[in-house]
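Participant:
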Amino acid sequence: MPSQIEFATYVVQRLKQCGIKQVFGVPGDYNLELLDYFEKEEGIDWVGNANELNAAYASDGYARVKGTLAVLITTFGVGELSALCGIAGSLAERLPILHIVGAPSTSMQHNRTLLHHTLNTESTFTTFSTMSEPLSCSQALLNQIDPSTDTAWTEAFDKVLKDVLEQCRPGYVEIPTDAVHKKVSDEGLQEKLPHPHSAPPPESTATGLPLETKINTVSQAPSDHPVSDSADKVTEHVVQEITARFVKAERPVVLVDACAGRFGMAGEVRKLVESCGIRFFETPMGKSLLDEHHPLFGGCYAGANSLEAVRKEVESADFVLYVGALKSDFNSGSFSVNIDTAITIELHSFTTNIGYASYPTTDIRHILPLLRPSFEAAATRRTTKPIEGESLDEKRKDGRIQTLPKDVDENAIKHAWLWPTMGEWFKDTDIIITETGTSSFGLTNVALPSHSTYVAQILWGAIGWSVGACLGCALAAKESEDNRRTVLFVGDGSLQLTLQEIGTMLKTGVCPYLFVLNNDGYEIERQIHGWDAKYNDIQLYDHQLLLPFLAGKKCKTPYESFEVHTPAELSKLLADEAFNVPDKLRLIEVYMPRGDSPEGLIKQAKLTAEANAKV
Numbered sequence: 001m002p003s004q005i006e007f008a009t010y011v012v013q014r015l016k017q018c019g020i021k022q023v024f025g026v027p028g029d030y031n032l033e034l035l036d037y038f039e040k041e042e043g044i045d046w047v048g049n050a051n052e053l054n055a056a057y058a059s060d061g062y063a064r065v066k067g068t069l070a071v072l073i074t075t076f077g078v079g080e081l082s083a084l085c086g087i088a089g090s091l092a093e094r095l096p097i098l099h100i101v102g103a104p105s106t107s108m109q110h111n112r113t114l115l116h117h118t119l120n121t122e123s124t125f126t127t128f129s130t131m132s133e134p135l136s137c138s139q140a141l142l143n144q145i146d147p148s149t150d151t152a153w154t155e156a157f158d159k160v161l162k163d164v165l166e167q168c169r170p171g172y173v174e175i176p177t178d179a180v181h182k183k184v185s186d187e188g189l190q191e192k193l194p195h196p197h198s199a200p201p202p203e204s205t206a207t208g209l210p211l212e213t214k215i216n217t218v219s220q221a222p223s224d225h226p227v228s229d230s231a232d233k234v235t236e237h238v239v240q241e242i243t244a245r246f247v248k249a250e251r252p253v254v255l256v257d258a259c260a261g262r263f264g265m266a267g268e269v270r271k272l273v274e275s276c277g278i279r280f281f282e283t284p285m286g287k288s289l290l291d292e293h294h295p296l297f298g299g300c301y302a303g304a305n306s307l308e309a310v311r312k313e314v315e316s317a318d319f320v321l322y323v324g325a326l327k328s329d330f331n332s333g334s335f336s337v338n339i340d341t342a343i344t345i346e347l348h349s350f351t352t353n354i355g356y357a358s359y360p361t362t363d364i365r366h367i368l369p370l371l372r373p374s375f376e377a378a379a380t381r382r383t384t385k386p387i388e389g390e391s392l393d394e395k396r397k398d399g400r401i402q403t404l405p406k407d408v409d410e411n412a413i414k415h416a417w418l419w420p421t422m423g424e425w426f427k428d429t430d431i432i433i434t435e436t437g438t439s440s441f442g443l444t445n446v447a448l449p450s451h452s453t454y455v456a457q458i459l460w461g462a463i464g465w466s467v468g469a470c471l472g473c474a475l476a477a478k479e480s481e482d483n484r485r486t487v488l489f490v491g492d493g494s495l496q497l498t499l500q501e502i503g504t505m506l507k508t509g510v511c512p513y514l515f516v517l518n519n520d521g522y523e524i525e526r527q528i529h530g531w532d533a534k535y536n537d538i539q540l541y542d543h544q545l546l547l548p549f550l551a552g553k554k555c556k557t558p559y560e561s562f563e564v565h566t567p568a569e570l571s572k573l574l575a576d577e578a579f580n581v582p583d584k585l586r587l588i589e590v591y592m593p594r595g596d597s598p599e600g601l602i603k604q605a606k607l608t609a610e611a612n613a614k615v
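For the sequence shown, position 80 matches number 80 in full-length UniProt numbering, and the numbering has no gaps at all.
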């Protein structure tokens, strides 16, 4: 029989059911009593970040590595607004973040009491949730929900949670202070929530339309997108149509992008390409989703900003299965993808595009698992044999995977040498985080280890994001049994925005490798515009004092700092046996010449500058 529990207890237990072990955020007087319930609950830890923006970035990183939900808790007004940039990035890059906001009591809101953290306007208690509405796939404002039944609030909370898990987008729940202790039914805890990678039933997929056509929790599916009664037949037709095109193709390729990972389909893609012998490529946002040392792997495709051999092979294909596409400028070489729409099949979380036709009631999570058996069954009808993959050595000779250049500058660490060197240093299960800038472009064409995880914010591109994300990634790695290493690459300029979160790393006992690229300012900006402009300069920090300062006198996490100026110094450090054991938080300051950049960044900067200059 259902029993009565406090609403906060329901929230904590629901989140534990979702696999949450870390909760990010900053305390504030409107969420303190809610935090008491996390404080006393075993198996779920309150991280406590330096600020709300960093907390949002950390939840973003946590969700990426775990492939599941992350939770952020802030206080009303000042706290939630500080987190919005991070939430926006999670929306842009499709990450399931639940944003819980502690708010003033229902009586104070109804009486429009003039409280701290309010705007002193007529709409003072609705303005902030309204700001978050466009950044949320779903909202539950308990203050506006009649609590006359003991399941009203729990059902509203679960509705948001379900939407976040199914759509891989942020959701927003506002909990007034008096709702924390309200007695509710625990009946909902007996109902299983969807797995983060599970799809809604085919007939309801229309509700997963792009966010600009979505309506929040209180509304129904848009009436101009009717639900089809023959969704199963549509799915069957789509699979048959894609298979028929594959059978006729002589040069088929698969292109893997970000949403293949967001919706848990990377494993299905791998089964498909291996069983059918299909050549596959990744976009920058799809990097490391598949095995980059696999003989069928062709390289990273980003339109005109691809290696020439990669570009030619993808663009000469006669069948392209584009899985989880996110065609942003940096992910597509400033929209220079040159693949004929007529031979392209795009699998999305809300629709399938076959050539110029669209099937909006289909879902990548329904379609992709059906393609492999369909392709296998049709293999005997193919007009050509499956493409034979090249060995990694052959690909290196072809220039698709960068190799160490012979003309190493012995006096300076340059990008052409650094990134292939780091590629050889990485271990098989490393989590590799790069800031948008020299590091993300530097690793684009470097083959990462087969079971590594690559984390980069290529679409949203918030400067400083990677430091907060590194904390979330490291805490997620700490939950795993194989003690995965976490490695961050961040520029000296980006670091300055969010370096406080290194203090949280020390507090929580995680031990990432923090490679700080000291190249005297905002290098990616200089490459785009303002080569000698003062606005691309920064105040230079003494990074060797950073860890002692942030650790203070009571920190129990071991740490050490290094600075390297030449390839020989860095190579010696990377070869050191003790250095390779992730038992300390390490900051490695890598001095690099100002003005030196990876070739991919130079190309993209030119494309971006040209696009920005157009009228």
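Note that CB positions come from ideal geometry on N, CA and C, so glycine has one too. Source: prediction; values computed, not measured.
Using 10 angstroms around the beta-carbon of R270, count the other beta-carbons present and answer buried if the total reaches 16, otherwise exposed.
Facilitator: Buried, by the Cβ-count rule.
Participant: Who does V455 pair with in a DSSP beta bridge?
Facilitator: Answer is I433.
Participant: With distance defined between alpha-carbon atoms, name the residue in V516, V101, E523, T444 nearest to E563.
Facilitator: When only C-alpha atoms are compared, the closest one is V516.
Participant: With a threshold of 16 other CB atoms inside 10 Å of the CB of D329, please say whether the residue is buried or exposed.
Facilitator: By the 10 Å Cβ count, D329 comes out buried.
Participant: Let me check understanding here. Comparing Cα to Cα, which of S374, L347, R372 lies closest to T361?
Facilitator: Comparing Cα-Cα distances from T361 to each of S374, L347, R372, the minimum goes to L347.
Participant: Restricting to Cα atoms, I'd like to know which of D482, L497, L550 is closest to M505.
Facilitator: The residue with the shortest Cα to Cα distance from M505 is L550.
Participant: Can you name, in chain order, every residue of its own chain whose Cβ lies under 7 Å from the Cβ of P2, other than the five neighbours on each side?
Facilitator: Excluding sequence neighbours, P2 sits near S185, D186, E187.
Participant: Give me the DSSP bridge partner(s) of A378.
Facilitator: According to DSSP, A378 bridges with nothing at all.
Participant: Following the continuous beta strand (DSSP E) through E563, name the residue where it begins and the one where it ends.
Facilitator: Unbroken beta strand (DSSP E) run through E563: 559-564.
Participant: I need the boundaries of the alpha helix (DSSP H) containing R14, first residue and last residue.
Facilitator: R14 -> alpha helix (DSSP H) spans 7-17.
Participant: How long is the line joining the alpha carbons of K507 and T557, rounded to whole angstroms?
Facilitator: In a straight line, the C-alpha of K507 is about 7 Å away from that of T557.
Participant: Of all the CB atoms in chain C, is at least one closer than 8 Å to the CB of G264?
Facilitator: This model lacks chain C altogether, as it is built from one protein chain only.
Participant: Taking DSSP's pairing of strands, which residues face K183 in a bridge?
Facilitator: BP columns for K183 point to E6.
Participant: Y172: buried (16+ other C-beta within 10 angstroms of its C-beta) or exposed?
Facilitator: So Y172 counts as buried.
Participant: Are I538 and A605 close, meaning C-beta to C-beta below 8 Å?
Facilitator: No, the Cβ-Cβ distance between I538 and A605 is not below 8 Å.
Participant: With distance defined between alpha-carbon atoms, name the residue in L488, P27, E39 nearest to A103.
Facilitator: Looking at the Cα atoms, P27 is the closest of the given residues.
Participant: Only counting the same chain, and skipping five residues up and downstream in sequence, which positions put a Cβ closer than 6 Å to that of residue 632?
Facilitator: In the structure displayed, the chain extends from 1 to 615; residue 632 sits before or after that span and is not available.
Participant: Is it buried or exposed, V581, if we count other Cβ atoms within 10 angstroms and call 16 or more buried?
Facilitator: The residue is exposed, with fewer than 16 neighbouring Cβ atoms inside 10 Å.
Participant: In the structure shown, what three-state DSSP assignment does Q22 receive?
Facilitator: In the structure shown, Q22 sits in a strand (DSSP, three-state: E or B).
Participant: Nearest-angstrom Cα distance between G600 and N305?
Facilitator: If you take the alpha carbons of G600 and N305, they lie about 6 Å apart.
Participant: Would C470 and L585 be called neighbours here (beta carbons separated by less than 8 Å)?
Facilitator: Not in contact: C470 and L585 (Cβ atoms no closer than 8 Å).
Participant: Spell out the partners DSSP gives I100 in its beta bridges.
Facilitator: Answer is I73, V173, bridged to I100.
Participant: Count the other C-beta atoms from every protein chain shown that fall within 10 angstroms of the C-beta of N353, then say buried if there are 16 or more, exposed otherwise.
Facilitator: The residue in question, N353, is buried, as its Cβ has 16 or more Cβ neighbours within 10 Å.
Participant: Looking only at C-alpha atoms, which of R94, L189, L545 sits nearest to V12?
Facilitator: Closest option to V12, Cα to Cα, is L189.
Participant: Within the continuous alpha helix (DSSP H) that includes Q167, where are the two ends?
Facilitator: 152-167 is the extent of the alpha helix (DSSP H) around Q167.
Participant: Skipping 5 residues on each side, what residues in its chain have a beta carbon closer than 7 Å to that of E212?
Facilitator: For E212, the predicted structure reports a pLDDT of 37, less than 50, and the residue's modelled location is therefore unreliable. A value from the coordinates is still provided. If we look at E212 and ignore the five residues flanking it on each side, it has no Cβ neighbours.
Participant: Skipping 5 residues on each side, what residues in its chain have a beta carbon closer than 6 Å to that of L574?
Facilitator: Result list for L574: W425, in chain order.
Participant: How about D530 and L497: do their beta carbons lie closer than 8 Å?
Facilitator: Looking at the sequence itself, residue 530 is Gly, so the reference to Asp does not match. Their beta carbons are not under 8 Å apart, which means G530 does not touch L497 by this criterion.
Participant: What residue does the alpha helix (DSSP H) around C470 start on, and which one ends it?
Facilitator: Residues 465-479.
Participant: Output the distance between the C-alpha atoms of L607 and I458, rounded to the nearest integer angstrom.
Facilitator: In a straight line, the C-alpha of L607 is about 15 Å away from that of I458.
Participant: Throw me the rounded Cβ distance for the H117 and G77 pair, which I believe falls under 8 Å.
Facilitator: Going by Cβ atoms, the distance from H117 to G77 rounds to 4 Å, so yes, they are a contact pair.
Participant: Taking the runs of the beta strand (DSSP E) that are 3 residues or longer, which of them lie wholly in the region 83-128?
Facilitator: With a minimum length of 3 residues, the continuous beta strand (DSSP E) runs that stay inside the region 83-128 are 97-103.
Participant: Could you tell me the distance, in whole angstroms, from the CA atom of P170 to the CA atom of I364?
Facilitator: If you take the alpha carbons of P170 and I364, they lie about 20 Å apart.
Participant: Where does the unbroken beta strand (DSSP E) through V323 begin, and where does it stop?
Facilitator: Unbroken beta strand (DSSP E) run through V323: 319-323.
Participant: Grouping DSSP H, G and I as helix and E and B as strand, with all else coil, what is D596?
Facilitator: Here D596 sits in coil by DSSP.
Participant: Starting from N54, follow the alpha helix (DSSP H) in both directions and report where the run begins and ends.
Facilitator: Its alpha helix (DSSP H) spans residues 52-66.
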